[in-house]
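Student:
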Amino acid sequence: MSIAGDWYNEFGSHMEIAPGPSGEITGTFASATGLAAGEYALVGRYDTFERPDHGTAIGWTVAWRNERNNANCVTSWSGLCFADDGTERICATWLLTTSATDSDAWESTTVGRDVFTRQSPGSERIEVGARSTRPTSHPAATGGPRSR
Numbered sequence: 049m050s051i052a053g054d055w056y057n058e059f060g061s062h063m064e065i066a067p068g069p070s071g072e073i074t075g076t077f078a079s080a081t082g083l084a085a086g087e088y089a090l091v092g093r094y095d096t097f098e099r100p101d102h103g104t105a106i107g108w109t110v111a112w113r114n115e116r117n118n119a120n121c122v123t124s125w126s127g128l129c130f131a132d133d134g135t136e137r138i139c140a141t142w143l144l145t146t147s148a149t150d151s152d153a154w155e156s157t158t159v160g161r162d163v164f165t166r167q168s169p170g171s172e173r174i175e176v177g178a179r180s181t182r183p184t185s186h187p188a189a190t191g192g193p194r195s196r
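Using the working numbering, the letters of the sequence shown map in sequence onto residues 49 to 196.
(1) In angstroms with no decimal places, state the Cα-to-Cα distance between residue 155 and residue 84.
(2) When burial is assigned at 16 or more other CB atoms within 10 Å of the CB, is residue 69 buried or exposed?
(3) Using the C-alpha atoms, what's the distance from residue 168 back to residue 158?
(4) Would you call the segment 85 to 97 and the segment 116 to 125 in contact, with 3 or more CB pairs under 8 Å?
(5) So, residue 50 versus residue 80, is the Cβ gap smaller than 8 Å?
(6) Comparing C-alpha positions only, which one of 162, 131, 82, 111 sits nearest to residue 101?
(7) To which residues does DSSP link residue 149 through a beta bridge?
(8) For residue 102, write down the residues that DSSP places opposite it in a beta bridge.
(9) What separation, rounded to the nearest whole angstrom, lies between the Cα atoms of residue 87 and residue 112?
(10) Only counting the same chain, and skipping five residues up and downstream in sequence, which positions put a Cβ closer than 6 Å to that of residue 182?
(11) My output table needs one value for residue 173: the three-state DSSP class, helix, strand or coil.
(12) How would you write the range of the beta strand (DSSP E) that residue 185 sits in, first residue to last?
(13) Answer with buried or exposed for residue 171, where buried requires no fewer than 16 other C-beta atoms within 10 angstroms of its C-beta.
(14) What is the DSSP secondary structure of residue 115, counted as helix, strand or coil?
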C-alpha cells in the first residue's frame, strides 16, 4: 500500500502526503475547522518495511504558521496506516502544543485522535463533528488548543 496522495479526517481536513524512498514525508495540511486558514507544510517519517497483517508506522508534524497566520503552536501525529478489505485509513494520536509561559506550560498540550481515509466525509458527517465537544488538532483563534 502506498501512503502517497490525499487523506481526509472525520472533520473534513485535508492532507496531501508525498513519501520519499527512505521514509521521509513532505506535504500539506489544510484544516476544515477552526481558524487555521490556508495550507500548512507538513513533514514526517514512515516505516518503509511493510509487514503482512500489520499497520505501517507513520508520524508527521504541522507548525501552524503560513503566509496568513502564525498560531504559535505545533501539532504532531503518530499512528498506523492500515489497508484491510480495500479500505485505507490512518489512525493517529496527536499532540497540539501551544506556546505558553513557564507557569502555564503544564496545560499547553492537548491530546486527541484522528482517523484519516481517502474519502472526504460528507457535509452531514462534518456537521456532526462540528457539534462535537472533542478537541481538534487545529489551533483556536488565540493560538491555543481548541475544544469545541
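Just so you know, even glycine gets a beta-carbon here, dropped at the ideal spot from N, CA and C.
Tutor: If we stick to the structure as given:
(1) Translated into the one-based positions of the sequence shown, residue 155 becomes position 107. Translated into the one-based positions of the sequence shown, residue 84 becomes position 36. Distance between the alpha carbons of residue 155 and residue 84 is about 21 Å.
(2) Taking the sequence shown and counting its residues from 1, the one referred to as residue 69 is at position 21. By the neighbour-count rule (16 or more Cβ atoms within 10 Å), residue 69 is not buried but exposed.
(3) Translated into positions along the sequence shown, residue 158 becomes position 110. Translated into positions along the sequence shown, residue 168 becomes position 120. Near 25 Å, if we compare the C-alpha coordinates of residue 168 and residue 158.
(4) yes
(5) Start at 1 with the first residue of the sequence shown, and residue 50 comes out as number 2. Start at 1 with the first residue of the sequence shown, and residue 80 comes out as number 32. No, the pair does not count as a contact, with Cβ atoms beyond the cut-off.
(6) Counting from one through the sequence shown, the residue named residue 101 turns up at place 53. For residue 101, the nearest C-alpha among the options comes from 131.
(7) For the purposes of this step, residue 149 is taken as the residue at position 101 of the sequence shown. Paired residue(s): none; residue 149 is not in a bridge.
(8) Here residue 102 corresponds to residue number 54 of the sequence shown, with the count starting at 1. In DSSP, residue 102 forms no bridge with anything.
(9) To locate residue 87, count along the sequence shown from 1; it is residue 39. To locate residue 112, count along the sequence shown from 1; it is residue 64. In a straight line, the C-alpha of residue 87 is about 9 Å away from that of residue 112.
(10) The count along the sequence shown starts at 1 and reaches residue 182 at position 134. So no residue of the chain qualifies.
(11) The residue given as residue 173 occupies position 125 in the sequence shown. Looking at residue 173 - three-state DSSP - the assignment turns out to be helix.
(12) Here residue 185 is taken as the residue at index 137 of the sequence shown, counted from 1. Element bounds for residue 185: 183 to 187.
(13) The sequence position of residue 171 within the sequence shown is 123, counting from 1. By the C-beta density criterion, residue 171 is exposed, having fewer than 16 other C-beta atoms within 10 angstroms.
(14) In the sequence shown, the residue the question calls residue 115 occupies position 67. In the structure shown, residue 115 sits in coil (DSSP, three-state: anything other than H, G, I, E or B).
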